[in-house]
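Residue numbers for the sequence shown follow the working numbering, beginning at 8 and rising by one.
A virtual CB, placed ideally from N, CA and C, is assigned to each residue, including glycine.
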Amino acid sequence: MRIPRTKAIPAISREYFPTSDSELVSQIEEVDPNALNARPTKVKDEAAGAEAAPKTITWRSRTVDLEDAAIAAALGSVQTAVKRLSDTLTSTSTAHTKDVGAAYDDVLILSQDAVDATKQAIDELVSERVGSGDKRMQSLQITRTAVSYEMISWRIGRNRVLVGESDGAVIKSSIAANTKHQKSNSKEEEGTGRKLSHLREKVVLYDAILQSLDSIKELPGIAADSDFIEEINAKAAYFSALKYVEFLLGHD
């Protein structure tokens with residue numbers, strides 16, 4: 008029995024359900040009257056969401072069809088989570104960077120689901136002895152690079168939020184000193200130990216960003232894209248420079 012990958016599991020279940028067994032059908036409908044309906048009225052909203060799932064994905068200059076229903080559904084969930092994240096970012100004070108960082112968690116988890124769904128689809132083709140030259144395999148490899156890059160990008164974005172305003176280039180203690188110089192001197196400047204601890208936290212975040220950028224280079228097809236490699240290297244140089252600034256501040 009060859010079933011298209013694009014067909015959703017509920018649709019497959021309804022299509023192959025033994026509807027000739029009236030007693031079984033009756034028992035199921037007692038539990039859920041819409042279970043065997045192709046267009047159940049109770050799930051119109053869910054159906055609308057399924058239709059909103061992407062049908063294609065683009066990586067650089069290439070666009071491929073999403074032939075696997077699980078991948079499309081996972082990416083649809085990512086899009087919904089991204090919208091929630093956007094709403095959170097516009098309603099949350101930038102002062103609470105850790106709260107904003109936590110808002111990225113749903114996107115990261117669902118992005119990982121999309122990566123896992125793509126890997127599973129590739130593994131299934133490999134088990135079927137489908138070669139790398141097959142169009143389906145090539146499309147999935149492009150999809151794998153695209154979804155993996157998106158997941159890594161969200162991880163980098165989260166760390167950029169956690170590192171602080173302007174990628175951590177703004178030194179808050181200096182700003183605070185300038186804005187509070189007219190106030191009472193009863194409160195002393197931030198303790199050296201606490202300041203060094205904060206600098207170390209930022210260095211750890213910069214290292215995580217740099218590691219993420221390196222992992223992008225390992226994705227399928229990236230090594231052959233010299234322009235993109237140059238772009239990644241430029242970003243790595245930028246964050247490396249910010250990291251070394253933190254080292255200098257720590258030894259000031």
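Cβ separation of R162 and L115, assumed to be a contact under 8 Å, to the nearest whole Å: 6 Å
Distance, T26 Cα to V32 Cα: Inter-residue distance for V32 and T26 is about 6 Å (C-alpha atoms, whole angstroms).
Buried versus exposed, by CB contacts within 10 Å (16 or more), V38: Sixteen is the threshold: since fewer than 16 other Cβ atoms of the shown chains lie within 10 Å of the Cβ of V38, the residue is exposed.
Let me know if R165 comes out buried or exposed under the rule of 16 or more other beta-carbons within 10 Å of its beta-carbon. buried
Going by other Cβ atoms of all chains shown within 10 Å of its Cβ, with 16 needed for buried, is V85 buried or exposed? buried
Check the DSSP bridge columns for R69 and list the partner residues they point to. W66
Take E5 and list the residues in its own chain whose beta-carbon comes closer than 8 Å to its own, dropping the five residues that flank it on each side. No statement about residue 5 is possible, as the shown extent of the chain runs from 8 to 259 and does not include it.
Contact under 8 Å by Cβ, L212 with A243: Against a cut-off of 8 Å, the Cβ pair of A243 and L212 comes out as no contact.
Do you know how far the Cα of L82 is from the Cα of S93? 16 Å
Host alpha helix (DSSP H) of S29 (start-end): S29 to V38
S251: buried (16+ other C-beta within 10 angstroms of its C-beta) or exposed? Here the sequence assigns Tyr to residue 251, which means Ser is not the residue at that position. Its Cβ having fewer than 16 others within 10 Å, Y251 is exposed.
Close-in-space but distant-in-sequence residues of the same chain around G175 (CB under 7 Å, 5 per side omitted): K209 and L249
Mind checking which residues open and close the alpha helix (DSSP H) that includes E131? D112 to S134
Of the residues E172, A124 and L206, which one's Cα is nearest the Cα of E74? A124
Where V168 sits in the DSSP three-state scheme: Reduced to three states, the DSSP call for V168 is helix.
Can you look up V137 in the DSSP assignment and give me helix, strand or coil? Reduced to three states, the DSSP call for V137 is coil.
From which residue to which residue does the alpha helix (DSSP H) around D174 run? Neither: D174 is in no alpha helix (DSSP H) and is coded neither H nor E.
With a 10 Å radius around its C-beta and 16 neighbouring C-beta atoms as the bar for buried, classify S146 as buried or exposed. buried
The alpha helix (DSSP H) spanning T199 covers which residue range? Unbroken alpha helix (DSSP H) run through T199: T199 to K224.
Which term fits S118, buried or exposed, when burial requires 16 or more other beta carbons within 10 angstroms of its beta carbon? Result: buried.
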